[in-house]
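Presented below is the structure to which this report refers.
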Amino acid sequence: MFAKILYPTDFSDVAVKALDYIKRLKDSGLREVVVLHVIDLRGMDSVRRLLGEGEFETLKKNKKEETEKLLNGVTQELAEAGLKVKLRVETGIPVREILRVEKEENVSALVIGSHGMSNLQEILLGSVSEKVTRKSKNPVLLIKR
Ligand code: ATP
Ligand code: MN
928 MFAKILYPTD FSDVAVKALD YIKRLKDSGL REVVVLHVID LRGMDSVRRL LGEGEFETLK
988 KNKKEETEKL LNGVTQELAE AGLKVKLRVE TGIPVREILR VEKEENVSAL VIGSHGMSNL
1048 QEILLGSVSE KVTRKSKNPV LLIKR
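To convert, take the position in the sequence shown, counting from 1, and add 927; that gives the working numbering.
In structure tokens form, the structure reads like this:
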């Protein structure tokens, strides 16, 4: 039923935990995983002003390299489990990009963490998972922390 899914990740503990469930979905017919990371530029203007242009460029470069390393790790793990992987890196507002890629890639389900990098103890759901779950037309498998 879920041959192609979208897996948005911010590389947080909860998002990484989702990988175990994705691998197990292979037994239910999963073949392809679209792995999506959204580079969140919100709040970056103030960082840019604080650091200055030179240091900001270095920060961006380091961030890009780190992201590539993390994405390679995810790809390897899923490929070793026998799944086809498609990587997508987008820049913008996470919720908007996740919903856009969901349509563009024509997936039949999403696997997302209940929380992400903030992971505040008293918060029921992260803002990204809350909005994506509410707005997506597809079934969403919400992985708990
Ligand atoms: P908040 O961001 O509202 O402070 P949070 O960081 O704890 O809270 P979310 O950001 O909603 O929680 O993260 C929930 C899940 O959404 C993550 O586990 C991940 O699957 C996905 N996600 C969050 N941010 C991104 C991103 N930038 N790119 C891709 N997926 C993301
Ligand atoms: Mn977050």
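Cβ atoms here follow ideal geometry from the backbone N, Cα and C, with glycine treated the same way.
What is the residue span of the beta strand (DSSP E) that T1018 lies within? Here residue 1018 refers to the residue found at position 91 when the sequence shown is read from its first residue. Residues 1011 to 1019.
Suppose the cutoff is 8 Å on Cβ atoms and the five residues either side in sequence are ignored; what does the same chain contact list for P1021 look like? Numbered from 1 along the sequence shown, position 94 holds the residue referred to as residue 1021. Result list for P1021: P935, D937, V965, D967, V1055, in chain order.
I want to check one thing, is the minimum distance from the CB of G1000 to the heavy atoms of ligand 1 below 7 Å? As a first step, residue 1000 must be located in the sequence shown, where it is residue number 73. Not under cutoff, so the answer is no.
For the candidate residues K1030, A1036, M971, whose alpha-carbon lies nearest to that of E959? As a working mapping, residue 959 is identified with position 32 in the sequence shown. Comparing C-alpha distances from E959 to each of K1030, A1036, M971 shows the shortest one belongs to A1036.
What's the call for V961, buried or exposed, on a 16-neighbour Cβ count within 10 Å? Taking the sequence shown and counting its residues from 1, one reaches residue 961 at position 34. With 16 or more other Cβ atoms within 10 Å, it is buried.
Which of helix, strand or coil does DSSP assign to L968? What you label residue 968 is simply residue 41 of the sequence shown in a count that begins at 1. Coil at L968, not helix or strand.
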